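Q: To start, I am sharing the structure in question, which I have written as structure tokens.
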Amino acid sequence: GAVVSQHPSRVICKSGTSVKIECRSLDFQATTMFWYRQFPKQSLMLMATSNEGSKATYEQGVEKDKFLINHASLTLSTLTVTSAHPEDSSFYICSARGTGSTYNSPLHFGNGTRLTVT
Amino acid sequence: QKEVEQNSGPLSVPEGAIASLNCTYSDRVSQSFFWYRQYSGKSPELIMSIYSNGDKEDGRFTAQLNKASQYVSLLIRDSQPSDSATYLCAVIPDSSYKLIFGSGTRLLVRP
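Protein chains in written order, with this note's numbering: chain L, 134 to 251; chain F, 37 to 147.
Put into structure tokens, the structure is as follows:
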């Protein structure tokens, strides 16, 4: 149980274009989803927290107009990288916490999306 | 000061040895602690969670928590080459639900 599916696993796009990444909870309802970014040889950095039906909360230094997050249902959250630039190339990972979980329950992670902007 | 600190390593141990991974955290009121394993190019996978002072054992893994010292560790007994990965310590520092990761320790188990 507690499977999180992330798509696509890998994407290459040209500078200036937008890319959408989907994160789905397959066998549970996720009230809260988290988006992380990981640069090579660095740890996971939390970008934003999204709650179903409300606006995402972004961490300091993360541009909300560049990284659009939508959490329209209890099983789907999307991250859109708008006007991507080479410095946005990174490993993006979503994670989710189920409706029945407490705030300190472990997170379930998607398999990640490797974004390369040329 | 970073919220969660780990030695980046690499920590190199021979096969069959005990690997000891350490982590310190800055927020004294933190209540929830996790160890994740991450293979290169993959997303993290949960190994252990620990919430109370003391030891928690699961197979070859033992997590240790000392809230007074703000210290959490992971012991891996009978280390195998397949244990070679980056181990991430993660903490929920308060009731904000956010999981904050350390920078990770790279473990190398030599055959």
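Just so you know, even glycine gets a beta-carbon here, dropped at the ideal spot from N, CA and C.
It should be emphasised that the depicted structure is a prediction, and the values quoted were computed from it without experimental measurement.
Count the other CB atoms within 10 Å of the CB of A104 of chain F; is the residue buried (16 or more) or exposed (fewer)?
A: Locating residue 104 of chain F in the second sequence gives position 68, where the first residue counts as 1. A104 of chain F should be labelled exposed.
Q: Looking only at DSSP bridge pairs, what is F167 of chain L linked to?
A: On the first sequence, position 34 is the one that residue 167 of chain L refers to. Note: F167 of chain L sits in a beta bridge opposite L:T182 and L:S228.
Q: Considering only their Cβ atoms, is the gap separating S56 of chain F from G245 of chain L smaller than 8 Å?
A: For the purposes of this step, residue 245 of chain L is identified with residue 112 of the first sequence, where counting begins at 1. For the purposes of this step, residue 56 of chain F is identified with residue 20 of the second sequence, where counting begins at 1. Not in contact: G245 of chain L and S56 of chain F (Cβ atoms no closer than 8 Å).
Q: Quick one: is F97 of chain F near chain L, going by C-beta distance under 8 Å?
A: On the second sequence, position 61 is the one that residue 97 of chain F refers to. Answer no: the Cβ-Cβ gap between F97 of chain F and chain L never drops below 8 Å.
Q: Tell me which residues share the same chain as S210 of chain L and place their Cβ nearer than 6 Å to its Cβ, disregarding the 5 neighbours each side in the sequence.
A: Stepping through the first sequence from its first residue, residue 210 of chain L is reached at position 77. Within the same chain, S210 of chain L has close Cβ partners C156, M166, S183 and H204.
Q: For S48 of chain F, name the three-state secondary structure that DSSP assigns.
A: For the purposes of this step, residue 48 of chain F is identified with residue 12 of the second sequence, where counting begins at 1. S48 of chain F: strand per DSSP, three-state reduction.
Q: Counting only the same chain and skipping the five closest in sequence on each side, list residues whose C-beta sits under 6 Å from that of R170 of chain L.
A: Taking the first residue of the first sequence as position 1, residue 170 of chain L is located at position 37. If we look at R170 of chain L and ignore the five residues flanking it on each side, its Cβ neighbours are M178, M180, S223 and Y225.
Q: In whole angstroms, what separates the C-alpha of L207 of chain L from that of V136 of chain L?
A: On the first sequence, position 74 is the one that residue 207 of chain L refers to. On the first sequence, position 3 is the one that residue 136 of chain L refers to. Taking the straight line from one Cα to the other gives about 14 Å.
Q: Counting only beta-carbon separations shorter than 8 Å, does L165 of chain L have a partner in chain F?
A: Start at 1 with the first residue of the first sequence, and residue 165 of chain L comes out as number 32. Inspection of the sequence shows that residue 165 of chain L is occupied by Thr rather than by Leu. Closer than 8 Å to some Cβ of chain F, the Cβ of T165 of chain L qualifies, so yes.
Q: Ordered along the chain, which non-local residues of its own chain (more than five positions away) have a Cβ less than 7 Å from that of P147 of chain F?
A: As a working note, residue 147 of chain F is residue 111 in the second sequence. So the list reads E51 and P117, once near-sequence residues are dropped.
Q: Which residues does DSSP list as the beta-bridge partners of A121 of chain F?
A: Taking the second sequence and counting its residues from 1, one reaches residue 121 of chain F at position 85. Paired residue(s): F:L143.
Q: Can you look up D252 of chain L in the DSSP assignment and give me helix, strand or coil?
A: As displayed, chain L neither begins before 134 nor continues past 251, which places residue 252 of chain L out of reach and without an answer.
Q: On the CB-based measure, 16 or more other CB atoms within 10 Å of its CB, does T311 of chain L come out buried or exposed?
A: Lying before the first or after the last residue shown, residue 311 of chain L is absent from chain L, which here runs from 134 to 251.
Q: Quick one: give me the first and last residue of the beta strand (DSSP E) that K92 of chain F is part of.
A: Start at 1 with the first residue of the second sequence, and residue 92 of chain F comes out as number 56. Note, K92 of chain F: beta strand (DSSP E), G90 to D94.
Q: Here's the rule I'm using: 16 or more other beta-carbon atoms within 10 Å means buried, otherwise exposed. How should Y87 of chain F be labelled?
A: In the second sequence, counting from the first residue as 1, residue 87 of chain F sits at position 51. Its Cβ having fewer than 16 others within 10 Å, Y87 of chain F is exposed.
Q: Measuring straight from C-alpha to C-alpha, what distance separates S48 of chain F and Q175 of chain L?
A: Here the question's residue 48 of chain F lines up with position 12 in the second sequence. Here the question's residue 175 of chain L lines up with position 42 in the first sequence. Near 19 Å, if we compare the C-alpha coordinates of Q175 of chain L and S48 of chain F.
Q: Can the beta-carbon of Q106 of chain F be found less than 8 Å from the beta-carbon of T60 of chain F?
A: Counting from 1 along the second sequence, the entry for residue 106 of chain F is found at position 70. Counting from 1 along the second sequence, the entry for residue 60 of chain F is found at position 24. Contact: yes.
Q: If you compare alpha carbons, which of F:D119, F:G95 and F:F69 is closest to P149 of chain F?
A: Absent from the model: residue 149 of chain F. The displayed extent of chain F is 37 to 147, so no value can be given.
Q: Contact check, Y123 of chain F vs L110 of chain F under 8 Å by CB: the rounded distance?
A: In the second sequence, residue 123 of chain F corresponds to position 87, counting from 1. In the second sequence, residue 110 of chain F corresponds to position 74, counting from 1. Rounded, the Cβ-Cβ distance is 6 Å, consistent with contact.
Q: Please report the distance separating the alpha-carbon of D114 of chain F from that of E93 of chain F.
A: Here residue 114 of chain F refers to the residue found at position 78 when the second sequence is read from its first residue. Here residue 93 of chain F refers to the residue found at position 57 when the second sequence is read from its first residue. Distance between D114 of chain F and E93 of chain F, taken at the CA atoms: about 14 Å.
Q: Along chain F, which residues have their Cβ under 9 Å away from the Cβ of T211 of chain L?
A: Counting from one through the first sequence, the residue named residue 211 of chain L turns up at place 78. Those within 9 Å of T211 of chain L in chain F number zero; the least Cβ separation is about 17 Å.
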